[in-house]
Ligand SMILES: Cc1cc2nc3c(=O)[nH]c(=O)nc-3n(C[C@H](O)[C@H](O)[C@H](O)COP(=O)(O)OP(=O)(O)OC[C@H]3O[C@@H](n4cnc5c(N)ncnc54)[C@H](O)[C@@H]3O)c2cc1C
Ligand code: HEM
Ligand code: SF4
Ligand code: SF4
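Chains as they are written, first to last, in our numbering: chain E, 6 to 385; chain P, 649 to 1112.
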């Protein structure tokens, strides 16, 4: 399995997964590492939908690669984590909405992400310059409502409101399409436990622990580094999101205009979150740099790096804006920050971000399924 | 690898027994070099294929349910070996297994929670999380952390057992010959199961059709050198663990997944389409070990497990897909068997099946009458298409011919006295306890017990 191996199509991946799953099902040594193995052990044969489900249930912790007596160079050439990573991308393409944008997954690399951010920032810059450079390069004080002096509030709301609404619809549609394919009924019908159980697993990243000692990432030695950096990323992101939400409340409910003082809730949340969102993606990038190439789908490195770079830059430009908002650099920083955030948003439904969405869906299904008795007989 | 100086303890082999010895000796302060003939990717011998270890315990543990007391363990062993065992060594091993789980955990091995295990053995056997390769990875990590030196692709090709001592061994290290000196030697280089020539010597031409389930590196070189130079022998070359596995398995290293669990649900015929043994004698996990020998005794060393649609999905799915046909005749064609003969065998079998209540979880009352050989449980007519077949061959797990040891793991010489600086652990001495037969999970029990003792004794020998 060289890094240069040709990318396989979905039917090829499904066939390969069926071969591998038959081996794992006869072996079962990895039962206990994660949710994937109990789930596959409930089945005697595997449909394409089962395979999407299993792939998105996998957290790519790597444990089952190093534990596998059939891993390359063994003639069975079994690399379960890589295979499931390859399937995951095909799942994301398959369930993406609208369907024709699925091909964006292929283009969504580091260069694309950065280029998108840059071009969006240039568009904003251009718009801001229509009024002449004076406003953009002035040193505004917070009291003057500096941000909106550069880009009018209404324009900002119009752009971000539209993009967010579209992203939300696309993500919900993707989730719904994935769910429809599982053949499970409406989620609510199973009661609250599956959702709360899945939430618990997602918020703690339960299955990024390799069965207890940490995942074998970036190499064979178990470690919690990846989980910790993901927590920084995830909670940092959530805090930044919370910062934006409280700012919206400040604006519309309390009638307070940005920028807010350092000790205000939006700025505090954004600062703490921003630090997490700097350290987290930086750490994840550092781990990725060192990771055993066997563990991942080499084709997705660009997409992962692009997502990490946008998260990191979102935070970096945001914190820089906070630090320099009363200087002449503010205008340029604002433009850069908004450009990066917009790029993050528009690429969200067609990039690595959706891993959270589909993993969550898979975890919900896992919690529904685990309450059923395992089937005694199986169809041939 | 430093081959100029003298090592305190030299460990020959790189499997479970070897690493248990190396870790223990190093912890006792000895300098330790491990010689592993396999390359890094295939390190860990047969141990990398294992699933669990049979473990005595007086009450529930976190990884084992209920209790499995010494006496019950001993009786189980006595039964399978038919008395061909050494009671002192066996009981010592059984008692020692109580101490292993905490020690293994302290060295990084992780276990499955009880009842998760699919073989329902979690009262008697502790299952390794991730299996034997994960276990070996943990031991190698622990060894590296405490400064045990490991030499991969380093095969022991010669040694001199003289004056009751081994003072040096000759290795082939990636094509280069070297002599390595040591003050104490632990031999843990496995049996000779990978050595097709030796198997042929012991079993005759049928050995050509054997599949080696585990490592291709257990060539028995160390064992042979020791036996030729005065170590006392235990068991004999035809004894070992030999099971029926899928005939399409790779020649080596197919491991656990090549099992076929359909046998007790249907019938097994040989190349002449004739049945040859009671397929329903006992639960399959208790019987698969005798089926290796049974198939080895058939012409061409091949058998075919045949079931019908009623049984499909009632057993652990094998790795290779079955041959499938809509009639017995068609199935015979696909298997290359005489169609008429197979139809006759199945018709006679069906006619002999008595009515009963089928229940695969107990020794049920479905059996044949007036048929030779009888099928004494789970006998149901084979009449519902599609029909399925899995080809079977003998799969050799490991051999029992070995060197004698005492309770301190010292290797015993032909004068019944121990060697001065040689200890043995694992497959290479398992025959002391397993004269024949097999008890699931006892290989690791023996290896861990004697590995730890050997490491401790060897270190004490050099350190005082
Ligand atoms: C598929 C399979 C499943 C099994 N499952 C279980 C189970 O679940 N539980 C259980 O208790 N037992 C099981 N066994 C049996 C078990 O594997 C053995 O009893 C046990 O691993 C023996 O350990 P060992 O260290 O003596 O030998 P091994 O682990 O085989 O180690 C022997 C080592 O010696 C090395 N070596 C050989 N010759 C030389 C030489 N000349 N120079 C240098 N190095 C050499 C080999 O490369 C290897 O590293 C299983 C066996 C197989 C094949
Ligand atoms: C349901 C919620 C989520 C779950 C269960 C989850 C789980 C995971 C897991 C298991 C990985 C490692 C395997 C892989 O790379 O695919 C991962 C990677 C990653 N996650 Fe999440 N995640 C969630 C939400 C998020 C969110 C909201 C963010 C941030 C916006 C995020 C950011 C990242 C990043 C940047 C990586 C890539 C790391 C890399 O490439 O090395 N995740 N996630
Ligand atoms: S990944 Fe390998 S060791 Fe794990 S269950 Fe599958 S076949 Fe077995
Ligand atoms: S990589 Fe980790 S999470 Fe994925 S299947 Fe393997 S053990 Fe489970």
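Each residue gets a CB set at the ideal place from its N, CA and C atoms; glycine is no exception.
So residue 748 of chain P is in the alpha helix (DSSP H); what residue range does that whole segment cover? 748 to 754
Kindly indicate if chain E contains any beta-carbon less than 9 Å away from that of residue 769 of chain P. Residue confidence is low: residue 769 of chain P scores 49 on pLDDT, short of 50, so the model does not pin down where it sits. No coordinate-derived value is stated.
Consider the C-beta atom of residue 64 of chain E and the heavy atoms of ligand 4; say whether any pair is separated by less than 8 Å. yes
Is any heavy atom of ligand 1 found at a distance shorter than 8 Å from the C-beta of residue 84 of chain E? no
Nearest candidate by alpha-carbon position, reference residue 377 of chain E, set E/261, E/345, E/269 and E/195: E/195
Going along the chain, which residues of the region 998 to 1013 of chain P sit with their C-beta nearer than 7 Å to a C-beta in chain E? none
Counting only C-beta atoms, is residue 222 of chain E closer than 9 Å to chain P at any point? no
Alpha-carbon spacing of residue 1068 of chain P relative to residue 833 of chain P, whole angstroms: 10 Å
Sheet register partners of residue 1072 of chain P (DSSP bridge): P/835
Less than 9 Å separating the beta-carbons of residue 369 of chain E and residue 202 of chain E? yes
Taking residue 1008 of chain P as part of the beta strand (DSSP E), name the residues at either end of that continuous run. Where residue 1008 of chain P is concerned, there is no enclosing beta strand (DSSP E), given that its DSSP letter is neither H nor E.
Buried or exposed: which applies to residue 131 of chain E, given that a residue is buried once 16 or more other Cβ atoms fall within 10 Å of its Cβ? exposed
Burial state of residue 841 of chain P, where buried means 16 or more other Cβ atoms lie within 10 Å: buried
Neighbour flag for residue 39 of chain E against chain P, beta carbons, 9 Å: no
Any heavy atom of ligand 2 inside 8 Å of the beta-carbon of residue 230 of chain E? no
Would you say the beta carbon of residue 212 of chain E comes nearer than 8 Å to a heavy atom of ligand 4? yes
Under the assumption that residue 904 of chain P contacts residue 697 of chain P (Cβ atoms under 8 Å), give the Cβ distance between them as a whole number of angstroms. 6 Å
Counting beta carbon pairs with one atom in the region 678 to 688 of chain P and one in the region 797 to 811 of chain P, are three or more of them shorter than 8 Å? yes
Comparing the C-beta of residue 169 of chain E with each C-beta of chain P, is any distance below 9 Å? no
Three-state class that DSSP yields for residue 12 of chain E in the structure shown: coil
Would you report the Cα separation of residue 242 of chain E and residue 342 of chain E, rounded to the nearest angstrom? 15 Å
Does residue 781 of chain P come within less than 9 Å of chain B when only Cβ atoms are used? Absence of chain B from the displayed structure is noted, the protein chains being E and P.
Neighbourhood of residue 764 of chain P by C-beta distance below 6 Å, restricted to the same chain and skipping five residues each side: Model confidence at residue 764 of chain P stands at a pLDDT of 49, short of 50, so the residue's coordinates are unreliable and nothing is read from them.
For a test of the three-state rule: what should DSSP assign to residue 950 of chain P, helix, strand or coil? coil
Under 8 Å by Cβ, that's how I've got residue 850 of chain P and residue 885 of chain P pegged, so tell me the actual separation to the nearest angstrom. 4 Å
Here's the rule: buried if 16 or more other CB atoms are within 10 angstroms of the residue's CB, otherwise exposed. What is residue 105 of chain E? exposed
My guess is that residue 673 of chain P and residue 1106 of chain P are in contact by the Cβ rule of under 8 Å, so how many angstroms apart are they, rounded? 5 Å
Span of the alpha helix (DSSP H), counted from its first residue to its last, around residue 361 of chain E: 359 to 374
Examine ligand 4 and report whether any of its heavy atoms sits within less than 8 Å of the Cβ of residue 42 of chain E. yes
Considering residue 79 of chain E, what are the terminal residues of the alpha helix (DSSP H) in which it resides? Here residue 79 of chain E belongs to no alpha helix (DSSP H), and DSSP marks it neither H nor E.
Count the other C-beta atoms from every protein chain shown that fall within 10 angstroms of the C-beta of residue 727 of chain P, then say buried if there are 16 or more, exposed otherwise. exposed
Tell me which same chain residues have a C-beta within less than 6 Å of the C-beta of residue 980 of chain P, skipping the five on either side of it? 987 and 990
For a test of the three-state rule: what should DSSP assign to residue 898 of chain P, helix, strand or coil? coil
By the criterion of Cβ-Cβ separation under 8 Å, what are the contact partners of residue 697 of chain P in chain E? 74
Sequence ranges, beta strand (DSSP E) only - wholly within the region 201 to 262 of chain E, length at least 3: none
Exposed or buried, what is residue 934 of chain P when buried is set at 16 or more other beta-carbons lying within 10 Å of its beta-carbon? exposed
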